[in-house]
Each structure stands twice: as structure tokens, then as C-alpha cells.
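Each residue of the sequence shown is one higher than the last, beginning at 33 in the numbering used here.
Glycine is no exception: its CB is placed at the ideal position from the N, C-alpha and C atoms.
Note that this is a predicted model, so its numbers are computed, not measured.
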Amino acid sequence: MFFFIGGIGRRTVTLDPQPRTCPNCGRLALYSKRIDSYLTVFFVPLFTVKKGEPFLVCGNCRATYDERGGRKDGGQTSKEQACQYCGRPRESNFKYCPECGKPIIYGTRTQ
Numbered sequence: 033m034f035f036f037i038g039g040i041g042r043r044t045v046t047l048d049p050q051p052r053t054c055p056n057c058g059r060l061a062l063y064s065k066r067i068d069s070y071l072t073v074f075f076v077p078l079f080t081v082k083k084g085e086p087f088l089v090c091g092n093c094r095a096t097y098d099e100r101g102g103r104k105d106g107g108q109t110s111k112e113q114a115c116q117y118c119g120r121p122r123e124s125n126f127k128y129c130p131e132c133g134k135p136i137i138y139g140t141r142t143q
């Protein structure tokens with residue numbers, strides 16, 4: 033008896049290793065990526081079945097945009113919903129950032 037273990041797997045491919053500035057958090061961490069589908073046999077990708085649409089994703093705050101810069105992951109996130117220091121998303125009523133632990137200053141950024 034012979035069993036064939038295969039299927040379609042997905043891989044995220046970085047198209048341009050040069051980062052851009054993220055409009056959400058202001059960090060230089062926005063990369064151009066694409067999710068491709070591969071035919072896999074025994075969990076080894078053999079060849080590309082379908083190339084996905086390119087998109088931009090921030091390595092810092094995880095915001096995603098289409099190639100023209102329009103927001104893909106919902107509505108616009110205001111700067112007040114991101115930490116002033118690390119840029120990670122947070123709830124608007126937090127007094128301290130859950131990621132970096134620094135105090136949240138509303139309205140202005142302190143040094």
C-alpha cells in the first residue's frame with residue numbers, strides 16, 4: 033500500500049529587504065511581502081502554484097497596507113492607540129505600555 037502525503041502550503045516571501053517608514057508607528061520597519069502557495073510533498077515545497085498579491089507589513093506595530101498605502105487591517109489606527117516609545121498597539125485607557133513598560137503620556141511625547 034502506498035500513501036501520498038502532500039498538499040498546498042503557504043509561505044510569506046519578502047519582496048524588498050529595504051524597509052520603509054510605517055505611517056502608523058513612524059518606525060523604519062515597513063516591508064513589502066507576498067504570500068505564495070506551494071505544492072508540497074512530505075512537507076517539502078516543490079514549486080509555486082499561485083503567487084499572492086503584494087502588501088506592506090510593519091515589523092514593529094504589525095499594521096498591514098496594500099501596495100498603494102491604503103490600510104488593509106481595518107480602519108485607521110490613530111497615533112493615540114500606539115505607544116509613543118515602542119509603537120506597539122495598546123488600549124487607549126492604559127497608563128503603562130504592556131510591551132515596553134514605559135508610562136503613557138497623552139497628547140505629547142516625552143523624551
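- Just so you know, the alpha carbons of C129 and G91 end up roughly 18 Å apart.
- According to the DSSP assignment, Y63 belongs to the beta strand (DSSP E) that extends over 60 to 73.
- Less than 8 Å separates the beta-carbon of L47 from that of S64.
- Listed in chain order, the non-local C-beta contacts of C93 below 7 Å within the same chain comprise C54, N56, C57, A114, G119, R120, P121, local neighbours out to five positions each way being set aside.
- By DSSP's assignment, A114 forms a beta bridge with P121.
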